[in-house]
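Q:
2 protein chains.
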Amino acid sequence: MIFRQLFDLKSSTYTYILGDEETRDSISIDPVRSQIERDLKLLQELNLTLKFILETHVHADHVTSASHLRDRTGAKTVYGSKTNLKCADILIEDGENLECGNIKITALHTPGHTNGCTSYWVDNKVFTGDALMIRACGRTDFQEGSNEKLFKSVREKLFALPDETLVYTAHDYLGRMVSTIGEEKKFNPRLGLSQTLEDFIAFMEEHRLPYPKMMDIAVPLNQSCGKMEKEEFEITPDELVPETGNVILVDVRGAEELKGPSGYIEGIVLATLGEDLNSFLESANPEAPYVFICERGRRSALALFEARARGFQDVKSLQGGMLYWRACGK
Amino acid sequence: MIFRQLFDLKSSTYTYILGDEETRDSISIDPVRSQIERDLKLLQELNLTLKFILETHVHADHVTSASHLRDRTGAKTVYGSKTNLKCADILIEDGENLECGNIKITALHTPGHTNGCTSYWVDNKVFTGDALMIRACGRTDFQEGSNEKLFKSVREKLFALPDETLVYTAHDYLGRMVSTIGEEKKFNPRLGLSQTLEDFIAFMEEHRLPYPKMMDIAVPLNQSCGKMEKEEFEITPDELVPETGNVILVDVRGAEELKGPSGYIEGIVLATLGEDLNSFLESANPEAPYVFICERGRRSALALFEARARGFQDVKSLQGGMLYWRACGK
Chain G
1 MIFRQLFDLK SSTYTYILGD EETRDSISID PVRSQIERDL KLLQELNLTL KFILETHVHA
61 DHVTSASHLR DRTGAKTVYG SKTNLKCADI LIEDGENLEC GNIKITALHT PGHTNGCTSY
121 WVDNKVFTGD ALMIRACGRT DFQEGSNEKL FKSVREKLFA LPDETLVYTA HDYLGRMVST
181 IGEEKKFNPR LGLSQTLEDF IAFMEEHRLP YPKMMDIAVP LNQSCGKMEK EEFEITPDEL
241 VPETGNVILV DVRGAEELKG PSGYIEGIVL ATLGEDLNSF LESANPEAPY VFICERGRRS
301 ALALFEARAR GFQDVKSLQG GMLYWRACGK
Chain B
1 MIFRQLFDLK SSTYTYILGD EETRDSISID PVRSQIERDL KLLQELNLTL KFILETHVHA
61 DHVTSASHLR DRTGAKTVYG SKTNLKCADI LIEDGENLEC GNIKITALHT PGHTNGCTSY
121 WVDNKVFTGD ALMIRACGRT DFQEGSNEKL FKSVREKLFA LPDETLVYTA HDYLGRMVST
181 IGEEKKFNPR LGLSQTLEDF IAFMEEHRLP YPKMMDIAVP LNQSCGKMEK EEFEITPDEL
241 VPETGNVILV DVRGAEELKG PSGYIEGIVL ATLGEDLNSF LESANPEAPY VFICERGRRS
301 ALALFEARAR GFQDVKSLQG GMLYWRACGK
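Chains G and B supply the protein sequences, listed in that same order. Mapping of the first sequence onto the UniProt record's numbering: residues 1 to 330, in sequence order. Mapping of the second sequence onto the UniProt record's numbering: residues 1 to 330, in sequence order.
1) Only counting runs of 4 or more residues, tell me where the alpha helix (DSSP H) segments fall wholly within the UniProt domain "Rhodanese" (243-330) of chain G, in order along the chain.
2) Using only alpha-carbon positions, find the residue among G/D39, G/H59, G/I92, G/G116 that is nearest to G/L69.
3) Could you tell me which of G/T169, G/P237, G/K152 sits nearest to G/G297, measuring between CA atoms?
4) Taking Cβ positions, are B/A327 and B/V63 nearer each other than 7 Å?
5) So with CB distances below 9 Å, who are the chain B contacts of G/D8?
6) Should B/A160 go down as buried or exposed, given a rule of 16 or more other Cβ atoms within 10 Å for buried?
7) Under DSSP, the alpha helix (DSSP H) around residue 363 of chain B begins and ends at which residues?
8) Chain B beta carbons: is any one of them nearer than 7 Å to that of G/F127?
9) Spatial neighbours of B/L197 within its chain, please: C-beta separation below 8 Å, excluding the five flanking residues on both sides.
10) Since B/D61 and B/G129 are thought to touch, with beta carbons under 8 Å apart, how far apart are those beta carbons, to the nearest angstrom?
11) Run through DSSP, which three-state label would B/T140 get?
12) Rank B/F7, B/P111, B/I134, B/F203 by C-alpha distance to the C-alpha of B/R33 and give the top, closest one.
13) Closer than 6 Å by C-beta to G/N47: which residues in its own chain qualify, once you throw out the five before and the five after it? Chain order, please.
14) Bridge partners for G/Y16 per DSSP, in chain order?
15) Could you tell me which of B/K10, B/S119, B/C87, B/P210 sits nearest to B/K227, measuring between CA atoms?
16) Which residues does DSSP list as the beta-bridge partners of B/N97?
17) Output yes if chain G places a C-beta closer than 7 Å to the C-beta of B/Q5; else output no.
18) If I'm right that B/Q5 touches G/M177 with Cβ under 8 Å, what's the distance once you round it to whole angstroms?
19) With distances taken from CA atoms, which of B/E45, B/T180, B/T244 is nearest B/I17?
20) Taking the straight line between their C-alpha atoms, what separation do you get for B/N124 and B/F200?
21) With DSSP run on the structure shown, which of helix, strand or coil describes G/R155?
22) Using a Cβ cut-off of 8 Å, pull out every chain G residue sitting near B/E183, in sequence order please.
23) Can you tell me whether DSSP reads G/R176 as helix, strand or coil?
24) Would DSSP call B/K227 helix, strand or coil?
25) Look up G/V219 in the DSSP assignment and say whether it is helix, strand or coil.
26) Find the nearest neighbour of B/S283 within the set B/F3, B/G311, B/Y173, judged by alpha-carbon distance.
27) According to DSSP, is B/F233 part of a helix, a strand, or is it coil?
28) For G/I181, does the three-state DSSP call read helix, strand or coil?
29) Any residues in the stretch 178-204 of chain G with a beta carbon nearer than 8 Å to a beta carbon of chain B? Which ones, in chain order?
30) Please check if any C-beta of chain B sits within less than 7 Å of the C-beta of G/R38.
31) Where does G/Q35 land, buried or exposed, given buried means 16+ other C-beta within 10 angstroms?
32) For the beta strand (DSSP E) that B/K125 lies in, which residues bound it at each end?
33) Mind listing the chain G neighbours of B/Q35? Cutoff is C-beta to C-beta under 9 Å, in chain order.
34) Less than 7 Å between the beta carbons of B/T118 and B/A107, yes or no?
35) Which residues in the same chain have their Cβ closer than 7 Å to the Cβ of G/G101, if we skip the five residues on either side of it in sequence?
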């Protein structure tokens, strides 16, 4: 089997490519929106045809490229059946097999981080997503998280696999790429065999983390396999890239927001929604082309309607705002 | 063979651990100073005894943990003979074998990024350092870099290995972890078989990069296997960590430098070397404990001597300054 592990440095997400050497059919597990060009190039160079896109769960920390990869390759998207996602081509049941060339994958439902979390088991490898992680595990404090369910999934289902099974997770923040079931049984400080459910619950209560900054945009988007429906008045990040020099970019956020993690696009005019924007529009040329930008794409839509009401014709709103712009790797 | 690839997110450096399953003897390739605790913990958990620390070259972008790993494990440091490093326990010749348990490694001198660059070949894997990289190669514009030598090393030596040989490099900046000789022959835009030496030279001339920010501290340190000799008036980063709350930290750099990539330690007093520092010392308590800090550890030494001349007794200078502090992962 051709096997590649790939890393997204921004979200510390691991993506995997599994390819059958004979048929050249292949699978991508947990692909990331901003890495779609890298992944497609590699598939092409390895002479692989993408047949399936497997997601271990609805991610909260990055946007999946599942929907875009499907559009560009014809591959089918696969999610655990408990996600109930309408955008999934296949909702895979617990214990169900999926065949891709000579590769046979078994889905193992491993709820706890989310209800729909599914691990994928192939030969001596298991792809555990955010259920079991290296000396760690996924969070249980949002998206239907449950300590009891996660404990049961890891201890009864994943730890039932052979000790030498290689554990490939959706993330690691310390530069570790792989572990084994045997190692995690011994050394996982949360879910290892020496820990009780009570120990685990106490650990998770003590180790609360801040709210993931991408969650507001990532979760709803990922529930649509990463696809954002486009309104007629919107321009997508991909469409805007070649146009940035040809249009007037008007950022309608507050000045403070520009210093935040989403940053801003080079060359913008800052005209905060409200009085600032109104003064800007009063003196601006209504014949020129404008793109309005905000954090999530809602305030920029308001700005656009304000401009239209004043007779501006060539106006667009950046779809998904700066959060989506960054999620797309711009 | 037990095999682990590890990543340092800050410098995008890959470190490798190779272990013999029978004897539990092991090798680390290109370990990073700031990751020493992670690496030692993993070796212990995998029940491996470190016998050799192999460096592919004298790195310019991170500090090696070779010397510290040797101190803590008794392992021998191995460098290509053309490095001429005094700190190396073994200077390995081109074509020479190294045995570690049942693992047999062959050294291949692959100069061009530096004169001493050495690749290590084991079974179906080759560790190429900064000679051949994934769809790329190392720089040739400093440290005895030579386009001609690098072209020859890759084309005549590395491309002579079987096509299916897995290529593991010292870095990748796009989240790719492995390639093969066959892929690089086809797809490496600089050194692939369709490129001539003239193409390669033209490419390297066109793609100049900025000066590596760690180079001034990394190269001299790495020429001593990562060991920084300590002066009697200095305190090491490891020693300072538990003391930060017990001493007065005086940063003697300019205010602007604090905004640079090295940043500053929480709780410092800023007293720029010169008049600022002199005023500070005039009103400071000469009985209190002080640690002076700068970018590389030279200005802080001057500050310390100034303080001593004024009768301050309990004064230290942070060894290697903020650059070394960061290199040690603080």
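Ideal Cβ placement from N, Cα and C applies to all residues, glycine included.
A: Taking the structure as given:
1) With a minimum length of 4 residues, the continuous alpha helix (DSSP H) runs that stay inside the UniProt domain "Rhodanese" (243-330) of chain G are 275-283, 299-309, 321-327.
2) Ranking the options by Cα distance to G/L69, first place goes to G/D39.
3) Closest option to G/G297, judged by alpha-carbon separation, among G/T169, G/P237, G/K152: G/P237.
4) Yes, Cβ-Cβ distance for B/A327 and B/V63 is below 7 Å.
5) By Cβ distance, chain B contributes G175.
6) So B/A160 counts as exposed.
7) Residue 363 of chain B cannot be examined here, being either before or after the span of chain B that is shown, 1 to 330.
8) It does not; no Cβ of chain B falls within 7 Å.
9) The answer, listed in chain order, is N147, E148, F151.
10) With a Cβ gap of about 12 Å, B/D61 and B/G129 do not count as contacting.
11) In this structure, DSSP gives B/T140 a state outside helix and strand, which the three-state scheme calls coil.
12) The alpha carbon of B/R33 has as its nearest neighbour, out of B/F7, B/P111, B/I134, B/F203, the alpha carbon of B/F7.
13) Excluding sequence neighbours, G/N47 sits near R24.
14) Within the DSSP secondary-structure output, G/Y16 pairs in a beta bridge with G/Q5, G/I29.
15) Closest option to B/K227, Cα to Cα, is B/C87.
16) Its beta-bridge partners are B/T106.
17) The beta carbon of B/Q5 sits closer than 7 Å to some beta carbon of chain G.
18) About 5 Å separates the two Cβ atoms, so the contact holds.
19) Nearest in C-alpha terms to B/I17, of all of B/E45, B/T180, B/T244, is B/E45.
20) Each residue's alpha carbon lies about 27 Å from the other.
21) If DSSP states are grouped into helix, strand and coil, G/R155 belongs with the helices.
22) Contact of B/E183 with chain G by beta-carbon distance below 8 Å involves E45, L46.
23) Correct three-state label for G/R176: strand.
24) Per DSSP, reduced to three states, the secondary structure at B/K227 is coil, with no helix or strand assignment.
25) Look at G/V219 here: in three-state DSSP terms it is helix.
26) Closest in alpha carbon position to B/S283, among B/F3, B/G311, B/Y173, is B/G311.
27) Reduced to three states, the DSSP call for B/F233 is coil.
28) Here G/I181 sits in helix by DSSP.
29) Those residues of the stretch 178-204 of chain G that come within reach of chain B (Cβ to Cβ, closer than 8 Å) are V178, E183, K186, F187.
30) For G/R38, the closest Cβ of chain B is nearer than 7 Å.
31) Its Cβ being crowded by 16 or more others within 10 Å, G/Q35 is buried.
32) Going by DSSP, B/K125 is part of the beta strand (DSSP E) stretching over 125-129.
33) Listed along chain G, the residues sitting closer than 9 Å to B/Q35 by beta-carbon distance are L174, G175.
34) In contact: B/T118 and B/A107 (Cβ atoms closer than 7 Å).
35) Closer than 7 Å at Cβ, skipping near neighbours: D20, E22, T23, D25.
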